[in-house]
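Below: the structure, in structure tokens.
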Amino acid sequence: MSLNLNETEQAVVDGLSDKFSDDLIEVYQSCDHTYIRMEADNIVDICRYLKTEQHFIFLCDILGTDRYTSDERFEVIYNMMNLRTQDRIFIKIRVEEENPVVHSVTSVWKSASWYEREVYDMFGVRFEEHPDLRRIFMPEDFEYFPLRKEFPLLGIPGSIALPDTTPDTE
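Residues 1 to 170 in UniProt numbering are what the sequence shown lists, from first letter to last.
What follows is the structure, given as structure tokens:
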């Protein structure tokens with residue numbers, strides 16, 4: 001499959017290929033967006049390069065994904081935008097299940113703080129050097145991560161009080 005990259009996206013791919021060739025795994029497109037899979041080790045330098053050299057100054061979101069059956073179970077996805085050209089790219093990194101740790105990009109974008117806390121809270125991926133990594137939705141003493149695939153759909157009995165009825169049983 002050939003890629004249909006615009007000028008900005010091609011510059012990003014070329015720049016990442018030049019500066020981070022050992023970290024670049026895959027470039028693909030889906031639903032009119034460009035996804036770039038990278039090794040996780042240099043994510044801070046990669047993001048700093050994209051912000052300062054490629055003008056992706058707006059970090060739209062950081063997402064977590066549980067790939068459950070994959071060896072590298074968790075995925076962290078950085079959704080960023082170049083406000084000059086209105087182009088958006090997604091940088092994807094994989095994280096191991098046994099040690100789900102990634103370097104924080106809060107030194108690049110302060111707004112990453114909330115996004116990283118949400119990924120930590122829901123998936124259990126820890127962000128090294130995060131200035132305030134604590135739960136954002138769940139209680140601090142909650143032992144589970146609700147968006148992991150093995151989390152029961154109806155929650156953990158006895159962990160948090162749940163309503164007696166659900167919309168389909170009322």
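Note that beta-carbon positions come from the ideal geometry of N, C-alpha and C, so glycine has one too.
Own chain partners of residue i with C-beta closer than 7 Å, once the 5 adjacent residues on each side are dropped
| i | result |
| --- | --- |
| Thr-85 | Thr-8 |
| Tyr-68 | Lys-149 |
| Ser-111 | Leu-59 |
| Leu-83 | Ile-57 and Phe-58 |
| Leu-3 | Val-27 and Gln-29 |
Continuous alpha helix (DSSP H) stretch holding residue i: start and end
| i | result |
| --- | --- |
| Gln-10 | 7 to 19 |
| Arg-88 | Segment 87 to 95 is the beta strand (DSSP E) holding Arg-88; no alpha helix (DSSP H) there. |
| Ser-113 | 112 to 123 |
Length of the line joining the Cα atoms of residue i and residue j
| i | j | result |
| --- | --- | --- |
| Ile-25 | Ile-91 | 11 Å |
| Val-95 | Val-76 | 7 Å |
| His-130 | Leu-5 | 34 Å |
| Arg-88 | Val-44 | 18 Å |
| Val-108 | Arg-48 | 6 Å |
| Thr-106 | Gln-10 | 26 Å |
Outcome for residue i when other beta-carbon atoms lying within 10 angstroms are tallied against a minimum of 16
| i | result |
| --- | --- |
| Arg-134 | exposed |
| Ser-70 | exposed |
| Trp-114 | exposed |
| Gln-54 | buried |
| Tyr-78 | buried |
| Glu-140 | exposed |
| residue 173 | Absent from the structure is residue 173, since the part of the chain shown begins at 1 and ends at 170. |
| Val-12 | buried |
| Thr-52 | exposed |
| Asp-66 | buried |
| residue 171 | Any answer about residue 171 is impossible in this case: the structure gives the chain only from 1 up to 170. |
| Val-101 | exposed |
Terminal residues of the beta strand (DSSP E) in which residue i lies
| i | result |
| --- | --- |
| Thr-34 | 33 to 38 |
| Thr-65 | 58 to 66 |
Other residues of its chain near residue i: CB distance less than 8 Å, five sequence neighbours each side excluded
| i | result |
| --- | --- |
| Val-119 | Ile-62, Leu-63, Gly-64, Val-76, Val-125 and Phe-127 |
| Met-38 | Leu-16, Phe-20, Asp-23, Leu-24, Ile-25, Ile-46, Ile-91, Lys-92 and Ile-93 |
Contacts around residue i, its chain only, beta-carbon distance under 6 Å, and the 5 residues preceding and following it disregarded
| i | result |
| --- | --- |
| Glu-97 | Arg-73 |
| Met-138 | Asp-121 |
Test: residue i CB closer than 8 Å to a CB of chain D
| i | result |
| --- | --- |
| Phe-123 | The chain inventory of the structure shown lacks chain D, comprising one protein chain alone. |
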